[in-house]
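Quick note on numbering: the UniProt record's numbering labels position 73 of the sequence shown as 73, and the sequence is numbered without any gaps.
A virtual CB, placed ideally from N, CA and C, is assigned to each residue, including glycine.
Please read the structure below before turning to the comments.
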Amino acid sequence: MSLDKSLNDPHLQQFIETETHKQRFQFLIHGLTDKCWDLCVDKPSGRLDHSTSNCLTNCVERFIDTTNFVVNRLEKTHSFKCKLQKLVLNRFMNILISFRKC
1 MSLDKSLNDP
11 HLQQFIETET
21 HKQRFQFLIH
31 GLTDKCWDLC
41 VDKPSGRLDH
51 STSNCLTNCV
61 ERFIDTTNFV
71 VNRLEKTHSF
81 KCKLQKLVLN
91 RFMNILISFR
101 KC
């Protein structure tokens with residue numbers, strides 16, 4: 001199979017997309033673990049005490065909340081930019097059409 005055909009293979013594209021999502025998730029978990037562990041764990045021991053467990057739980061929940069907020073904000077910003085681009089394009093087209101009529 002040639003490289004061009006391989007790149008257009010839907011199964012290969014799905015596989016690449018799945019692996020990319022896995023990689024992003026692992027990167028997220030690794031970063032989250034580093035941040036929350038450094039923040040909450042003073043000294044490693046055989047088990048987590050109640051306050052450390054609560055700190056880790058709160059850290060993870062705030063991280064998820066913040067991530068969701070940022071993603072939602074970016075989606076809204078992207079949506080607004082797309083709407084603005086369409087509006088500008090429509091107005092530009094109307095101006096061109098009006099010049100053609102002259």
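Under 9 Å between the Cβ atoms of residue 69 and residue 32? Residue 69 sits at position 69 when you count from the first residue of the sequence shown. Residue 32 sits at position 32 when you count from the first residue of the sequence shown. Cβ distance not < 9 Å, so residue 69 and residue 32 don't count as in contact.
Measuring only the C-alpha atoms, how far is residue 90 from residue 79? The count along the sequence shown starts at 1 and reaches residue 90 at position 90. The count along the sequence shown starts at 1 and reaches residue 79 at position 79. Distance between residue 90 and residue 79, taken at the CA atoms: about 17 Å.
I'd like to know whether the C-beta atoms of residue 39 and residue 55 end up nearer to each other than 9 Å. Along the sequence shown, one-based indexing puts residue 39 at 39. Along the sequence shown, one-based indexing puts residue 55 at 55. Contact: yes.
Using CA atoms only, rank isn't needed, just tell me which of 41, 72, 46 and 36 is closest to residue 61. In the sequence shown, the residue the question calls residue 61 occupies position 61. That would be 36, whose Cα lies nearest to the Cα of residue 61.
Given a cut-off of 9 Å, decide if residue 67 and residue 28 are closer than it, judged by their beta-carbon atoms. Locating residue 28 in the sequence shown gives position 28, counting from the first residue. Locating residue 67 in the sequence shown gives position 67, counting from the first residue. In contact: residue 28 and residue 67 (Cβ atoms closer than 9 Å).
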